[in-house]
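Student:
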Amino acid sequence: MFIRCTVGLAVALVVSVVLAIGLGPAPVSPADTLRYLGAAFTGGTIRLDEVATYEIVWQLRTPRVLLAAVVGAGLSAVGAGVQALVRNPLADPFVLGISSGAAVGAVSVLVTGALAVAGIYALSVGAFAGALVAALLVHLAARRRGPGGTSPLRLVLTGVAMAYAFQATMALLIYLVPQGEATATVLYWTLGGFGAATWGSLPLVVVVVLAGIVLLRLRARDMDVLALGDETAASSGVDTGRLRRELFVLTSVMTGAMVAVSGAIGFVGLIVPHLVRMVTGAVHARVLVLAPLVGAVLAVWVDLLSRTVVAPRELPLGVVTALVGVPVFVVLLRRRGYVFGGV
């Protein structure tokens, strides 16, 4: 069943990407979409009257759809990792205050003009730096010496407190420097979106997300043992303190890289791991393969809805993910006897 699900989701992801690239205010057939993509990758030629459509497909839609797939996969993997880290079913990639730190970084760049040398990437660089600073502060504030290291509850409470502190800082920055653009940027980082996607924004986040998923998958067995409790994990030879530090660093870097290019997209990292566990069980070796695929497919279609339902305007991505995903999750939850951490 696991292999069938993996293959089926991989095929669904490829089909979803092709369809999403072709759909929009200027629809393009799947055949033409594949032809344009083939021409772009192989250096082929297209007719002169197709140049405008080709530019829409290759320069605007393709990087956006690919970014949606990568971020959706990354958020789902990070969600599974954070839930294992803090042993809390309500945990998501942003529970540690990292998204709030990224928002402060982005707003700081906007209102102060810092990092101007980075050009069009200044906001992304500022957001990534803010996310890493937030992760470092949470780690230092929650750190505890001794056996087992930092407890999950201590980490969550510290993250929530830091999130409030960063939100207050962000509000203060906007209050002191009232600018319409600053307010719009805050809204962007809060609700998320892929409208600013370019080919230049892809390489770093692709490398970070793929490497992070692989590294999380390598610790899948230890995460299974950690879910049974610290005492059981320690008796099985797992260094829980070291494992939590590794998971914290991995999930923080991945979250920072994704928030820097897409803003804070909620729901995906919280719900997708649970959906996968309902179907395949809580074994992380399976969850960390299927959850990224499900998250990628979900993000691609949610992004398509956000840019087509009220075109030419776009709905905030966080609104669409909640409106689409919550009813599906509630129905599945009522139909299946699901317990977090159960195999």
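Residue 425 is where the sequence shown ends in this note's numbering, and the numbering goes up by one at each step. Beta carbons are placed, not taken as given, at the ideal position from N, Cα and C, and that holds for glycine.
Just the C-alpha distance for glycine 104 and serine 344, rounded to the nearest angstrom, thanks.
Tutor: To locate residue 104, count along the sequence shown from 1; it is residue 22. To locate residue 344, count along the sequence shown from 1; it is residue 262. Rounded to the nearest angstrom, the two C-alpha atoms are 21 Å apart.
Student: DSSP three-state call for phenylalanine 176: helix, strand or coil?
Tutor: Residue 176 sits at position 94 when you count from the first residue of the sequence shown. Correct three-state label for phenylalanine 176: coil.
Student: Mind checking which residues open and close the alpha helix (DSSP H) that includes aspartate 312?
Tutor: One-based indexing of the sequence shown puts residue 312 at position 230. Per DSSP, aspartate 312 belongs to the alpha helix (DSSP H) from 312-317.
Student: When DSSP labels each residue in this structure, what does valine 425 get in the three-state scheme?
Tutor: Working through the sequence shown from its first residue, we reach residue 425 at position 343. Its pLDDT being 45, under 50, valine 425 is placed unreliably in this model, and the coordinates cannot settle the point.
Student: Write down the C-beta distance between proline 112 and alanine 393 rounded to the nearest angstrom, noting that I regard them as a contact closer than 8 Å.
Tutor: Within the sequence shown, residue 112 is the residue found at index 30, counting from 1. Within the sequence shown, residue 393 is the residue found at index 311, counting from 1. The Cβ separation is near 20 Å, so there is no contact.
Student: Report back the beta-carbon spacing between alanine 155 and glycine 377 to the nearest angstrom; my notes put them in contact at under 8 Å.
Tutor: Taking the first residue of the sequence shown as 1, we reach residue 155 at position 73. Taking the first residue of the sequence shown as 1, we reach residue 377 at position 295. The Cβ separation is near 5 Å, so the contact holds.
Student: Give me, in chain order, the residues of the same chain whose beta-carbon lies closer than 6 Å to that of valine 288; leave out the 5 immediate sequence neighbours on both sides.
Tutor: Taking the sequence shown and counting its residues from 1, one reaches residue 288 at position 206. If we look at valine 288 and ignore the five residues flanking it on each side, its Cβ neighbours are Val152.
Student: What number of angstroms, rounded off, separates the C-alpha of alanine 302 from the C-alpha of arginine 389?
Tutor: Your numbering for residue 302 matches position 220 in the sequence shown. Your numbering for residue 389 matches position 307 in the sequence shown. The straight-line gap from Cα to Cα measures roughly 36 Å.
Student: Does the distance from the CB of threonine 124 to the CB of valine 100 come in under 9 Å?
Tutor: Within the sequence shown, numbered from 1, the residue matching residue 124 stands at position 42. Within the sequence shown, numbered from 1, the residue matching residue 100 stands at position 18. Against a cut-off of 9 Å, the Cβ pair of valine 100 and threonine 124 comes out as no contact.
Student: Classify arginine 169 as helix, strand or coil using the three-state DSSP reduction.
Tutor: As a position in the sequence shown, residue 169 is number 87, starting the count at 1. In this structure, DSSP gives arginine 169 a state outside helix and strand, which the three-state scheme calls coil.
Student: In whole angstroms, give me the CA-to-CA distance for leucine 157 and valine 133.
Tutor: Within the sequence shown, the letter at position 75 stands for residue 157. Within the sequence shown, the letter at position 51 stands for residue 133. Using only the alpha carbons, I get a separation of about 35 Å.
Student: Please report the residue range of the alpha helix (DSSP H) in which threonine 127 lies.
Tutor: By 1-based counting over the sequence shown, the position of residue 127 is 45. Per DSSP, threonine 127 belongs to no alpha helix (DSSP H) and is neither H nor E.
Student: Please name the residue, chosen from Leu258, Met252, Val160, Ala243, that lies closest to leucine 269 on a Cα-to-Cα basis.
Tutor: If you number the sequence shown from 1, residue 269 lands on position 187. That would be Met252, whose Cα lies nearest to the Cα of leucine 269.
Student: Are the segment 359-367 and the segment 167-175 touching, with three or more C-beta to C-beta distances below 8 Å?
Tutor: no
Student: Starting from the Cα of histidine 356, find the closest Cα among Ser317, Val408, Val384 and give me that residue.
Tutor: Translated into the one-based positions of the sequence shown, residue 356 becomes position 274. With distances taken between CA atoms, histidine 356 lies nearest to Val408 out of Ser317, Val408, Val384.
Student: Give the range of the alpha helix (DSSP H) segment to which proline 355 is assigned.
Tutor: Counting from 1 along the sequence shown, the entry for residue 355 is found at position 273. Residues 350-362.
Student: Is the distance from the Cβ of valine 147 to the Cβ of aspartate 306 below 9 Å?
Tutor: Your numbering for residue 147 matches position 65 in the sequence shown. Your numbering for residue 306 matches position 224 in the sequence shown. Not a contact, by the Cβ cut-off of 9 Å.
Student: Secondary structure at valine 89, three-state DSSP: helix, strand or coil?
Tutor: Along the sequence shown, read from residue 1 onward, the residue named residue 89 stands at position 7. Helix at valine 89.
Student: Rounded to a whole number of angstroms, what is the C-alpha to C-alpha distance between threonine 272 and valine 93?
Tutor: One-based indexing of the sequence shown puts residue 272 at position 190. One-based indexing of the sequence shown puts residue 93 at position 11. Going from the Cα of threonine 272 to the Cα of valine 93 covers about 32 Å.
Student: Please report the distance separating the alpha-carbon of leucine 292 from that of leucine 95.
Tutor: Here residue 292 refers to the residue found at position 210 of the sequence shown. Here residue 95 refers to the residue found at position 13 of the sequence shown. About 16 Å.
Student: For aspartate 304, which option in Ala211, Phe276, Val186, Gly319 has the closest C-alpha, if you only look at C-alpha atoms?
Tutor: Residue numbering aside, residue 304 sits at position 222 when the sequence shown is read from its first letter. Considering only alpha carbons, the answer is Gly319.
Student: Give me the residue from Val365, Met340, Thr314 with the minimum Cα distance to alanine 381.
Tutor: In the sequence shown, counting from the first residue as 1, residue 381 sits at position 299. Answer by Cα proximity: Met340.
Student: Between Leu142, Leu387, Gly179, Leu298, which has its C-alpha nearest tryptophan 281's C-alpha?
Tutor: Taking the sequence shown and counting its residues from 1, the one referred to as residue 281 is at position 199. Per the Cα distances, Leu142.
Student: Out of curiosity, what's the CA-to-CA distance linking proline 234 and glutamate 137?
Tutor: What you label residue 234 is simply residue 152 of the sequence shown in a count that begins at 1. What you label residue 137 is simply residue 55 of the sequence shown in a count that begins at 1. Computed Cα separation, rounded: 48 Å.
Student: In whole angstroms, what is the alpha-carbon distance linking glycine 338 and glutamate 313?
Tutor: In the sequence shown, the residue the question calls residue 338 occupies position 256. In the sequence shown, the residue the question calls residue 313 occupies position 231. Each residue's Cα considered, the two are about 31 Å apart.
Student: Are glycine 187 and alanine 213 touching if we call contact CB-CB under 9 Å?
Tutor: The residue given as residue 187 occupies position 105 in the sequence shown. The residue given as residue 213 occupies position 131 in the sequence shown. The Cβ atoms of glycine 187 and alanine 213 lie closer than 9 Å to each other.
Student: Would DSSP call aspartate 306 helix, strand or coil?
Tutor: Taking the first residue of the sequence shown as position 1, residue 306 is located at position 224. Residue state, collapsed to three classes: helix.
Student: Give me, in chain order, the residues of the same chain whose beta-carbon lies closer than 6 Å to that of histidine 366; leave out the 5 immediate sequence neighbours on both sides.
Tutor: Position 284 of the sequence shown, counted from the start, is the residue given in the question as residue 366. Same-chain partners within the cutoff: Ala302, Met305, Asp306.
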